[in-house]
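Every number in my numbering is 37 more than the matching position in the sequence shown, counting from 1.
Inspection log for the structure reproduced underneath, given as structure tokens.
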Amino acid sequence: MVDDAPTPVHLSKVLDGLAENPALPAGLVRRLVRYRRGFGHVATRPDLTLDLIEEILASDHHWLLHSLALNPQLPNAVRMRLAAHADHAVRAALAAHAHDAPRELYERLIDDPDTRVREYLAEHDDVPADLLARLARDPDPKVRATLARWWTQAPEAVRRVLLTDPVNEVRTAACSTYYARRPHPVPPSDLVTGLLADPVTRAGAVRHALLTPELVFKAIE
Numbered sequence: 038m039v040d041d042a043p044t045p046v047h048l049s050k051v052l053d054g055l056a057e058n059p060a061l062p063a064g065l066v067r068r069l070v071r072y073r074r075g076f077g078h079v080a081t082r083p084d085l086t087l088d089l090i091e092e093i094l095a096s097d098h099h100w101l102l103h104s105l106a107l108n109p110q111l112p113n114a115v116r117m118r119l120a121a122h123a124d125h126a127v128r129a130a131l132a133a134h135a136h137d138a139p140r141e142l143y144e145r146l147i148d149d150p151d152t153r154v155r156e157y158l159a160e161h162d163d164v165p166a167d168l169l170a171r172l173a174r175d176p177d178p179k180v181r182a183t184l185a186r187w188w189t190q191a192p193e194a195v196r197r198v199l200l201t202d203p204v205n206e207v208r209t210a211a212c213s214t215y216y217a218r219r220p221h222p223v224p225p226s227d228l229v230t231g232l233l234a235d236p237v238t239r240a241g242a243v244r245h246a247l248l249t250p251e252l253v254f255k256a257i258e
């Protein structure tokens, strides 16, 4: 019987392709959202209607909400509702894709109890500078290290905090041979001697040192 036929192995990929087709009628978009339940990319479409967004929000289905939070075209009012959601994975997905968002959204997320949310924010260069600077004193060293690696053009006061952080992981990220963005930062000249004396920052600091024969031998010890 036809009803007993197995699901075609290519069906999932076909549905993914339909989900990304801008010509897909609104009625089929709604049916696809309900059928896929958050899997695939249908909830990230830029043409979701407000009533369909409301339907997704009302469903409180984890994967639907997670997929919706990844949508960079959401109205700001919807973003704010997702930022207050109890599911930390939904908030993290929102933070990961919250580019060019209003300040009030970043203010809501910057003190989020979930570390991953704050790590994602630390990677964004469009977060207001005063909010990013608060992450330099975040209680989790992973967030501080992420900020050091990504905010390469941070104000000197912020770089000093990160370069003198008590946690090795943070100092290593702040004075490294690799950063997530260019141009790479240059440490304040008065900190270079101390950075050279620190094993975890020595490799990143030596390129900025005024070299002497004594310093060369000391650096490679």
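Quick reminder that beta carbons are idealized off the backbone N, C-alpha and C, glycines included.
So what does DSSP say about residue 319, is it helix, strand or coil? Any question about residue 319 goes unanswered here, given that the chain covers just 38 to 258.
By Cβ distance, which residues of its chain are closer than 8 Å to residue 136, with the 5 residues on each side in sequence left out? Translated into the one-based positions of the sequence shown, residue 136 becomes position 99. Excluding five sequence positions before and after residue 136, the CB atoms of its chain that fall closer than 8 Å to its own CB belong to 109, 161, 163, given in chain order.
Between the CA atoms of residue 239 and residue 188 - distance to the nearest angstrom: Position 151 of the sequence shown, counted from the first residue, corresponds to residue 188. Position 202 of the sequence shown, counted from the first residue, corresponds to residue 239. Answer to the nearest angstrom: the Cα atoms are 20 Å apart.
Thinking C-alpha only, which one of 245, 125, 186 is nearest residue 207? Residue mapping note: residue 207 aligns to position 170 of the sequence shown, counting from 1. Ranked by how close their Cα comes to the Cα of residue 207, the residues 245, 125, 186 have 186 in first place.
Which residues mark the beginning and the end of the alpha helix (DSSP H) in which residue 153 is found? For this step, residue 153 is matched to residue 116 along the sequence shown. It spans 152-159 - the alpha helix (DSSP H) in which residue 153 sits, taken as one unbroken run.
Threshold first: 4 residues or longer. Then list the alpha helix (DSSP H) segments lying entirely within the stretch 135-198, N to C. DSSP runs (the alpha helix (DSSP H)) wholly in the stretch 135-198: 140-146, 152-159, 166-171, 178-187.
Between the alpha carbons of residue 124 and residue 99, how many angstroms are there, rounded? Walking along the sequence shown from the start, residue 124 turns up at place 87. Walking along the sequence shown from the start, residue 99 turns up at place 62. Near 8 Å, if we compare the C-alpha coordinates of residue 99 and residue 124.
Return yes when the Cβ of residue 209 is within less than 9 Å of the Cβ of residue 182, no when it is not. Within the sequence shown, residue 182 is the residue found at index 145, counting from 1. Within the sequence shown, residue 209 is the residue found at index 172, counting from 1. Yes, the pair counts as a contact, with Cβ atoms nearer than the cut-off.
7 Å CB neighbourhood of residue 221 in its chain, flanking five on each side removed: Residue numbering aside, residue 221 sits at position 184 when the sequence shown is read from its first letter. 189.
Taking 8 Å as the line, does the beta carbon of residue 210 fall inside it for any heavy atom of the ligand GTP? For the ligand GTP, the structure offers nothing, since it holds no ligand at all.
Keeping to the same chain, check which residues put their C-beta closer than 7 Å to that of residue 242; ignore five residues upstream and five downstream. Indexing the sequence shown from 1 puts residue 242 at position 205. Closer than 7 Å at the Cβ level, and outside the excluded window around residue 242, lie 212, 224, 229, 232, 233.
Identify the continuous alpha helix (DSSP H) that holds residue 120 and give its terminal residues. Your numbering for residue 120 matches position 83 in the sequence shown. In the DSSP annotation of this structure, the continuous segment of the alpha helix (DSSP H) that includes residue 120 starts and ends at 113-120.
Taking the alpha carbon of residue 91 as the reference point, which residue from 158, 236, 119 has its own alpha carbon closest? For the purposes of this step, residue 91 is identified with residue 54 of the sequence shown, where counting begins at 1. By alpha-carbon distance to residue 91, the top candidate from 158, 236, 119 is 119.
Quick one: Cα of residue 142 to Cα of residue 215, how far? The residue labelled residue 142 in the question sits at position 105 within the sequence shown. The residue labelled residue 215 in the question sits at position 178 within the sequence shown. The straight-line gap from Cα to Cα measures roughly 30 Å.
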